[in-house]
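Trainee:
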Amino acid sequence: MKLLNFILFFCASLFYAQSVSDFKYVVVPKKFADFKTNNAYNLNRILESKLTDRNYIVVSDEKESWPEELLNDPCQALNADLKDTSTLFKNKIKLVLTDCSGASILVSDAVGDYKEFDKGFQDALLKGVVQVQPSQGILRKAVVQKTIPQQVDKEVATVSSKINPNRISNTDTDPGKSVMPLENSPQVNKMPSTLHYTYQGRTFNRVNLAGDYFILTTPDSSQPYATFKESSKEGVFHVQLVGNSVALGVQQENGILVESWDAAASKITTMFFLKSNN
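Mapped onto mature numbering (1 follows the signal peptide of the UniProt record, and there is no 0), the consecutive letters of the sequence shown carry residue numbers -17 to -1, 1 to 261.
#1: Starting from E213, trace the beta strand (DSSP E) both ways and give me its first and last residue.
#2: Would the beta-carbon of Y24 fall within 7 angstroms of that of D101?
#3: Let me confirm a value: F72 is counted as buried when at least 16 other C-beta atoms fall within 10 Å, else exposed. Which label applies?
#4: Would you call the stretch 80 to 100 and the stretch 37 to 46 in contact, with 3 or more CB pairs under 8 angstroms?
#5: What do you get for V90, buried or exposed, if any count of 16 or more other CB atoms within 10 angstroms of its CB means buried?
#6: Tell me which residues share the same chain as A107 and place their Cβ nearer than 7 angstroms to its Cβ, disregarding the 5 neighbours each side in the sequence.
#7: Give the secondary structure of K14 by DSSP, where H, G and I count as helix, E and B as strand, and everything else as coil.
#8: Identify, in the order they occur along the chain, each residue of the same chain with its Cβ nearer than 8 angstroms to the Cβ of N260, setting aside the five sequence neighbours on each side.
#9: If I measure Cβ to Cβ from Q59 and keep anything under 8 angstroms in the same chain, skipping five residues before and after, which residues do I get?
#10: What are the boundary residues of the beta strand (DSSP E) that E242 is part of?
#11: In angstroms, rounded to a whole number, what distance separates the CA positions of L30 and V225?
#12: Kindly indicate which three-state DSSP category V112 falls into: helix, strand or coil?
#13: Measure the alpha-carbon distance for E217 versus P57 and round it to whole angstroms.
#14: What do you get for L192, buried or exposed, if any count of 16 or more other CB atoms within 10 angstroms of its CB means buried?
#15: Please report the straight-line C-alpha distance between K19 and E213, rounded to a whole angstrom.
#16: Are L231 and L109 closer than 7 angstroms when you measure CB to CB?
#17: Return the CA-CA distance between Y39 and D203, expressed in angstroms with no decimal places.
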């Protein structure tokens, strides 16, 4: 009997298990318990910006500012917290996202590669947020709002519209979707001798150097536009841009995402170097 109860409980847990992307809102407090001094190194502002980039609606811990939808159903939101897990020589952060029952939906540990507290914690947070998948809550709502009026039509018309080649074409050319199909995965796995990227109409060549370094250069300049050095987290790079500004880079299937921020971490600039097929 105990074994049966355990199996039923386990199956129920799997059935009701939620992922981060199922949620629409994230509550980010103005101050984290472990980071109350020195303006919290602007960690809350960085977290708000990165979650917004991932389609989440970020709200504060003051319920007076919550939208009516969230007030009526607080379980639509995740609660964000940052834990200081630093050691003597390393700045470390634990990003924890919990649901309305207090269950942990995501725990992401990251280590900053800078000794200074502000840069170290900010660097660790940017690495930790990489594990947060984009919200599907907003996307699902948008799809429902778009398709519900079509259900008023007859079933035959609805089915016909689904196989309309024009609709298929419009969906396939959505600029928000990746232009690289999964069928081309062998091409991704086979690293060519020289990779080319494009950004803002300019072409960049990737030059792999010794060890864990590579640079991006333009055909009309001998100076590197960006220098990449792999961090302690695989696929994440420290980047030095032209002009000596620093940034963080993340290797993705169809290109390289680079994000830089000012000293106060109040402004984040995002660049995406799209991998070229040429």
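Ideal Cβ placement from N, Cα and C applies to all residues, glycine included.
Mentor: Concretely, from the data shown:
#1: 209 to 213
#2: yes
#3: exposed
#4: no
#5: exposed
#6: N74, K75, I76, A93, V94, G95
#7: coil
#8: none
#9: F6, K7, Y8, E52, L53, G120
#10: 238 to 244
#11: 26 angstroms
#12: helix
#13: 36 angstroms
#14: exposed
#15: 31 angstroms
#16: yes
#17: 40 angstroms
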